[in-house]
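Note sheet for the following structure.
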Amino acid sequence: MDESDKLLKILGNKDVLALAFGAMIGWGWVVTSGLWITEAGSMGAMLAFAIGGLLVVLVGLTYAELSSALPLVGGEHVYTYKAMGRVASFIATWAIILGYVSVVAFEAVAFPTVFEYVIPGYSQGYLYTIAGWDVTVTWAGIGILGSLLIAWINYRGIKLTTVISFILTLVILIAGLMLITGSTFGGNIANMKPLVETGVAGLLTVIIMTPFMFVGFDVIPQAAEEINLPQKKIGQLLIVSVVLAVIWYIAIIFGVSRILDASELMASNLVTADAMAKAFGNSKLMGNFLVLGGIGGILTSWIGFYVGGSRAIFALANAGMLPKSLGELHPKYKTPHKAILLIAVLSTAAPLLGRPALVWLVDAGGLGLVVAWLMVAVSFIILRRTAPNMKRPFKLPGGTTIGWIAVLMSGGVMTLYFPGMPSALIWPYEWIIVGIWILLGIILYNYSMAKYGKGYADEHMKKEINRVA
Numbered sequence: 058m059d060e061s062d063k064l065l066k067i068l069g070n071k072d073v074l075a076l077a078f079g080a081m082i083g084w085g086w087v088v089t090s091g092l093w094i095t096e097a098g099s100m101g102a103m104l105a106f107a108i109g110g111l112l113v114v115l116v117g118l119t120y121a122e123l124s125s126a127l128p129l130v131g132g133e134h135v136y137t138y139k140a141m142g143r144v145a146s147f148i149a150t151w152a153i154i155l156g157y158v159s160v161v162a163f164e165a166v167a168f169p170t171v172f173e174y175v176i177p178g179y180s181q182g183y184l185y186t187i188a189g190w191d192v193t194v195t196w197a198g199i200g201i202l203g204s205l206l207i208a209w210i211n212y213r214g215i216k217l218t219t220v221i222s223f224i225l226t227l228v229i230l231i232a233g234l235m236l237i238t239g240s241t242f243g244g245n246i247a248n249m250k251p252l253v254e255t256g257v258a259g260l261l262t263v264i265i266m267t268p269f270m271f272v273g274f275d276v277i278p279q280a281a282e283e284i285n286l287p288q289k290k291i292g293q294l295l296i297v298s299v300v301l302a303v304i305w306y307i308a309i310i311f312g313v314s315r316i317l318d319a320s321e322l323m324a325s326n327l328v329t330a331d332a333m334a335k336a337f338g339n340s341k342l343m344g345n346f347l348v349l350g351g352i353g354g355i356l357t358s359w360i361g362f363y364v365g366g367s368r369a370i371f372a373l374a375n376a377g378m379l380p381k382s383l384g385e386l387h388p389k390y391k392t393p394h395k396a397i398l399l400i401a402v403l404s405t406a407a408p409l410l411g412r413p414a415l416v417w418l419v420d421a422g423g424l425g426l427v428v429a430w431l432m433v434a435v436s437f438i439i440l441r442r443t444a445p446n447m448k449r450p451f452k453l454p455g456g457t458t459i460g461w462i463a464v465l466m467s468g469g470v471m472t473l474y475f476p477g478m479p480s481a482l483i484w485p486y487e488w489i490i491v492g493i494w495i496l497l498g499i500i501l502y503n504y505s506m507a508k509y510g511k512g513y514a515d516e517h518m519k520k521e522i523n524r525v526a
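For the sequence shown, the positions run 58 to 526 when the working numbering is used.
Here you go:
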């Protein structure tokens with residue numbers, strides 16, 4: 058691979074942190090925090106995010122070690138290949154791409170909901186009804202236009218992407234800190250009741266949403282070849298971003314539940330904005346400022362997962378596990394432009410599914426993420442035994458203990474998505490999304506293996522791993 062075929066290595070500390078934290082925060086804290094509280098209660102929701110956060114911290118630690126040892130584009134793609142081979146590598150990477158594409162599509166669906174708060178009644182031009190929700194021309198149109206804008210930003214290069222992410226992350230932080238501060242002084246403990254709602258069922262329902270809310274730290278290893286930092290620093294920043302996100306979500310739940318009582322939560326379409334308004338004397342201006350922070354969250358998450366998803370597709374295509382054209386870099390911008398355009402097609406179509414798709418995408422994408430995290434944790438354990446002398450700039454203490462805990466927690470959370478559990482995926486919508494994705498993966502993998510050969514993939518992966526060994 059000559060210099061013209063390489064990604065640009067230009068990302069520094071603040072770029073990496075803003076990219077990962079901004080990707081993790083997204084819009085979920087604005088649009089679904091009320092759902093978390095009504096499902097599990099205020100303390101139940103905070104406990105669910107603490108448990109989900111612990112899972113992500115433990116998985117993140119295994120990522121941190123592996124990303125410092127194997128700083129190659131594709132992240133999971135590389136770790137699982139070295140540990141378990143080609144098929145496992147494709148399954149893990151295809152699963153994480155489902156998670157990334159789901160987030161990108163989620164943001165395209167979430168974006169129009171902002172305007173329902175800022176411009177009530179803007180949704181006009183009835184098209185059709187999906188799952189009891191009316192899709193309109195203006196509502197879908199806003200999501201489609203937003204999707205095209207984000208695709209263009211990512212197409213133009215990683216530097217523009219990270220500059221915009223950094224600025225928007227600052228806006229998110231200011232809005233969120235104002236909400237937390239205002240609700241702490243303007244709210245009261247009585248509003249937080251019931252502390253626990255619907256017992257274990259409510260807790261589990263929120264726990265299965267947390268992987269989707271925390272995904273984003275793994276954008277760092279996806280973009281490893283674009284990070285211009287010492288290998289150890291990559292692992293450290295990954296963990297810092299995860300811890301910050303855990304604190305953020307729990308603080309937002311605390312703030313919202315402290316300022317709005319149960320009846321206000323049920324009546325609100327955008328609880329975080331309404332909480333902000335009430336915390337500052339029912340100020341519509343302050344509610345709109347919170348929505349501005351929410352828009353920032355949508356855009357940072359949208360941008361971050363275009364980076365993660367396109368780099369994962371790029372890595373698979375370069376290895377001959379997907380059509381090679383998806384692995385081409387733009388001659389000027391050095392971005393995997395065809396992979397970006399593929400994600401753009403999926404993202405741009407998402408608003409046509411209407412608002413019910415928000416929950417479908419959260420749950421279906423969450424399953425893909427947990428599958429990939431489980432396989433990375435397993436890879437961590439295997440590589441500790443099969444490659445004990447591999448250079449590990451960021452090395453975890455305690456042998457494989459953290460890896461085993463991450464495996465058990467990931468496996469436990471994964472079972473919550475399956476039939477028979479109170480938090481199982483919704484039939485048929487969510488299982489259709491998962492089923493189509495699996496079928497598409499089988500078709501593309503078999504096509505690529507038939508066209509390029511298994512030997513090509515193995516030779517490419519071994520060459521890449523030896524390059525950083």
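Glycine residues also receive a C-beta, built at the ideal position from the N, C-alpha and C atoms.
What did DSSP end up calling residue i once you bin it into helix, strand or coil?
i: Thr137; result: helix
i: Leu184; result: strand
i: Trp209; result: helix
i: Trp484; result: coil
i: Val299; result: helix
i: Asp515; result: helix
i: Val402; result: helix
i: Ala444; result: coil
i: Met506; result: helix
i: Phe311; result: helix
i: Val433; result: helix
i: Glu385; result: coil
i: Asn339; result: coil
i: Asp318; result: coil
i: Ile265; result: coil
i: Asp420; result: helix
i: Phe274; result: coil
i: Asn540; result: The structure shown does not extend to residue 540, since the chain is modelled only from 58 to 526, so the question has no answer here.
i: Ser325; result: coil
i: Lys391; result: coil
i: Tyr306; result: helix
i: Phe371; result: helix
i: Trp86; result: helix
i: Leu76; result: helix
With DSSP as the reference, identify every bridge partner of residue i, one or two as the case may be.
i: Val175; result: According to DSSP, Val175 bridges with nothing at all.
i: Ile284; result: Leu68
i: Val192; result: Tyr185
Using 8 Å for Cβ pairs, my map puts residue i next to residue j. What's the rounded Cβ distance?
i: Arg449; j: Glu122; result: 6 Å
i: Thr226; j: Ala75; result: 5 Å
i: Val109; j: Thr267; result: It is worth fixing the name first, because residue 109 is Gly in this sequence and not Val. Sure, about 3 Å apart at Cβ, within 8 Å.
i: Gly259; j: Gly101; result: 6 Å
i: Gly220; j: Leu349; result: For the sequence presented, residue 220 should be read as Val rather than Gly. Rounded, the Cβ-Cβ distance is 19 Å, inconsistent with contact.
i: Leu184; j: Val194; result: 6 Å
i: Leu39; j: Thr329; result: The requested residue 39 is not part of the displayed model; the chain covers only 58 to 526.
i: Ser204; j: Ser367; result: In fact, because the Cβ distance is near 14 Å, the residues do not count as touching under 8 Å.
i: Met81; j: Phe271; result: 6 Å
i: Val73; j: Ile370; result: Their Cβ separation, rounded to whole angstroms, is 21 Å, which puts Val73 and Ile370 out of contact at 8 Å.
i: Val114; j: Val303; result: 7 Å
i: Asn211; j: Val364; result: 7 Å
Taking 7 Å as the limit between beta carbons, can you name the residues of its chain near residue i, skipping five residues before and five after?
i: Trp84; result: Glu164, Ala167, Gly351, Gly354, Ile355 and Ser358
i: Ser592; result: An answer regarding residue 592 cannot be provided, because it is not within the stretch 58 to 526 covered by the chain.
i: Ser467; result: Leu112, Val116, Val427, Trp430, Leu431 and Ala434
i: Trp190; result: Gly411, Arg412 and Pro413
i: Ile176; result: none
Tell me which residues share the same chain as residue i and place their Cβ nearer than 8 Å to its Cβ, disregarding the 5 neighbours each side in the sequence.
i: Ile67; result: Ile215, Lys216, Glu283 and Asn285
i: Met471; result: Leu424, Val427, Val428 and Leu431
i: Ala188; result: Gly411, Pro413 and Tyr486
i: Leu65; result: Gly214, Ile215, Lys216, Glu283 and Lys391
i: Leu496; result: none
i: Met58; result: Low confidence applies to Met58: its pLDDT is 46, below 50, so where it sits in the model is not reliable, and the reading given next is rough at best. If we look at Met58 and ignore the five residues flanking it on each side, it has no Cβ neighbours.
i: Leu383; result: Ile370, Phe371, Leu373, Ala374, Pro393, Lys395, Ala396 and Leu399
i: Trp93; result: Ala102, Ala105, Phe106, Val263, Met266 and Ile310
Answer yes or no: does any C-beta atom of chain B fall closer than 9 Å to that of residue i?
i: Tyr185; result: The displayed structure is made up of one protein chain only, and chain B is not part of it.
Considering only residues of the same chain and omitting the five flanking positions on each side of residue i, which have a CB-CB separation below 6 Å?
i: Met343; result: Met333, Ala334 and Phe337
i: Glu521; result: Leu129
i: Pro408; result: Ala165, Val166, Ala197, Gly200 and Ile201
i: Ala105; result: Ala97, Leu260, Val263 and Ile264
i: Tyr509; result: Gly377
i: Val192; result: Leu184, Tyr185 and Gly411
Is the segment 388-402 touching the segment 461-468 in the sense that three or more CB pairs, one from each, lie closer than 8 Å?
No, they do not touch.
Tell me whether the segment 268-285 and the segment 114-133 touch, counting them as touching only if at least three CB pairs, one residue from each stretch, are closer than 8 Å.
Enough Cβ pairs lie closer than 8 Å, so yes.
At least three beta-carbon pairs within less than 8 Å, the segment 136-155 to the segment 452-459:
Too few Cβ pairs lie closer than 8 Å, so no.
Whether or not the segment 410-418 and the segment 474-492 are in contact is what I'm after, with contact meaning three or more pairs of Cβ atoms, one per stretch, closer than 8 Å; do they touch?
Taking 8 Å as the limit for Cβ pairs, the verdict is that the segment 410-418 does touch the segment 474-492.
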